[in-house]
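Below you'll find the structure, written out as structure tokens, and then a few comments.
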Amino acid sequence: MKNLLILGAGTAGTMVANKLRSRLPRSEWKITIVDQDNVHHYQPGYLFIPFGVYKPSEIVKPRARFIPKGVELKLGVIDRVVPEENKVLLEGGVELPYDQLVIATGTTPRPDQTPGLLGPEWRHSIHEFYTYEGTQALAGTLKDWPGGRLVIHITEMPIKCPVAPLEFAFLADDFFKKKGIRDKVEIVYATPLDGAFTRPIAAKTLGGMLEGRGIKLEPDFSIERVDPEAKTIVSYDEREVPFDLLVTIPLNMGADYIARSGLGDDLNYVPVDKHTLQALAWPNIFALGDASDIPASKAGSTAHFAVDVFTENFARHARGEPMEKQFDGHANCFVESGDGRALLLDFNYDTEPLPGTFPFAHLGPLGLLREKRLNHWGKLMFRWVYWNMLLRGRRIPIRTEMSMTGKVRKTAEPSTAAVTSDR
Ligand SMILES: Cc1cc2nc3c(=O)[nH]c(=O)nc-3n(C[C@H](O)[C@H](O)[C@H](O)COP(=O)(O)OP(=O)(O)OC[C@H]3O[C@@H](n4cnc5c(N)ncnc54)[C@H](O)[C@@H]3O)c2cc1C
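According to this note's numbering, the sequence shown holds residues 1 to 423 in order.
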């Protein structure tokens, strides 16, 4: 009997467990999945809680419900991987042997990495919405906030769902308009990037949308520290941005056990082959979802397409044969823009988000890189798709590889060679 061990029962780990259990013979493969708790969070829902769209209870469910029969769910905190001995140690001394290992422990916001962030203003005038606790605390503050200077801030790239801070800015603009206090709120968007987004065409569109809503862009802002008393964020080039309310995206990092195991880069992401997700250092280790260092968006959609490729390849790999399928970095992201509309971005390693229609040429019905009501309904419907289809490993009608169908590239626009990565 061979052991497939999956670390992390979040989006990627749960999909892998479901897809591989139905493919691998039970007489040959034991599958075990490890997580530190038994609560699965629908993280895209964190964005909506501060604006009262979702209740917290609507975005959490027991993990065990999504783990298929024939896969053992083990609850415990991973302490380290010992790749030389093909085993994983959990806190408390439990040892789990493996023949093949999947690392899917994601990425986590780390406010402890920026001086001053976790000071006396944390969860008072300084907030984040990348955790369950954080988004609920922010909802409490926004409910009675009288107005002032709201600074939305990204510490450093890469972050999971790189469009989420922009969505927060657009939804905040809409929220304050509907409350009738938009004239009392100044919104600033401070980012380490040189524009609103990583890719040039999308950056132009999204930057124009910030401008159109009177949201000031503060580009190239590389934060050194927060001064909680003066209520300013301070950059390495000594720019100071004052705030009354700071909504920050803290530095995102892979799990600390990855560093302890000698498996990560300086942000604890596992270096992998970007087409097969196989660890560069160990042929029987793969990293899926946000845990790897691939130059693609850290997003549930990217995890989904990468898991499809991985599961196609796995049987051949386990037999010692070369892997045939190649992951192209496909990401597919809805961007909420407020007032019941959203944009859709569809891109990969080589092709930046382009305007057009999706999934069909001319017919759509979804619109690429433009605001549409249908895109917004697509985003809200996605929660149902996530719980009922995606996590359970069921097929959804979107191609794994990015398609150029419906995409419009103007000849004057940059070629694929000019595309920058999301990292
Ligand atoms: C605010 C927000 C909005 C988002 N919006 C979107 C969106 O609209 N579309 C989209 O595609 N994506 C979105 N995402 C991103 C998406 O949620 C993640 O990319 C996706 O969940 C990544 O899956 P994963 O399996 O890699 O990691 P996760 O789903 O985070 O799972 C990692 C698992 O590992 C476990 N773990 C970690 N360390 C340990 C340890 N030491 N021991 C035991 N267990 C451990 C955790 O408990 C967790 O269950 C959003 C994320 C956020 C925060």
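Glycine included, each C-beta is placed from N, C-alpha and C at the ideal position.
DSSP places residue 195 in the coil class of the three-state scheme, outside both helix and strand. Rounded to whole angstroms, residue 321 and residue 242 show a C-alpha spacing of 58 Å.
Under the three-state reduction of DSSP output, residue 44 falls in the helix class. Uninterrupted beta strand (DSSP E) stretches at least 3 residues long and entirely within the segment 134 to 165 occur at 148 to 154, given in chain order.
Counted as a single uninterrupted DSSP element, the beta strand (DSSP E) harbouring residue 331 occupies residues 331 to 338. In the DSSP assignment, residue 360 falls within the unbroken beta strand (DSSP E) covering 356 to 360. Boundaries of the alpha helix (DSSP H) harbouring residue 383: 373 to 385, taken from the DSSP string.
For residue 77, the Cβ falls inside the 8 Å cut-off from some heavy atom of ligand 1. The C-beta distance from residue 35 to residue 17 rounds to 11 Å, too long to meet the 8 Å contact threshold. Judged by DSSP in its simplified three-state form, residue 274 adopts coil rather than helix or strand. Secondary structure note for residue 305: its alpha helix (DSSP H) is the uninterrupted segment 300 to 318. Counting along the chain, no alpha helix (DSSP H) covers residue 395, and no H or E run does either. The beta carbons of residue 348 and residue 330 sit closer together than 9 Å.
Under the three-pair Cβ rule at 8 Å, the segment 146 to 159 counts as touching the segment 191 to 209. Following the DSSP letters along the chain, one finds residue 257 inside the alpha helix (DSSP H) bounded by residues 256 to 260.
Beta-bridge partners assigned by DSSP to residue 100: 4. Residues of the same chain with a CB within less than 6 Å of the CB of residue 117, apart from the 5 flanking positions on each side, are 111 and 226 in chain order.
The distance from the Cβ of residue 341 to that of residue 375 is about 7 Å, consistent with a contact at the 8 Å cut-off.
Contact between the segment 344 to 362 and the segment 392 to 408 is present: 3 or more CB-CB pairs across the two stretches fall below 8 Å.
In the three-state scheme derived from DSSP, where H, G and I count as helix and E and B as strand, residue 389 is classed as helix.
A contact between stretches requires three or more CB pairs, one per stretch, nearer than 8 Å, and the segment 276 to 292 meets this requirement with the segment 258 to 265. Secondary structure note for residue 121: it is in no beta strand (DSSP E), with a DSSP letter that is neither H nor E.
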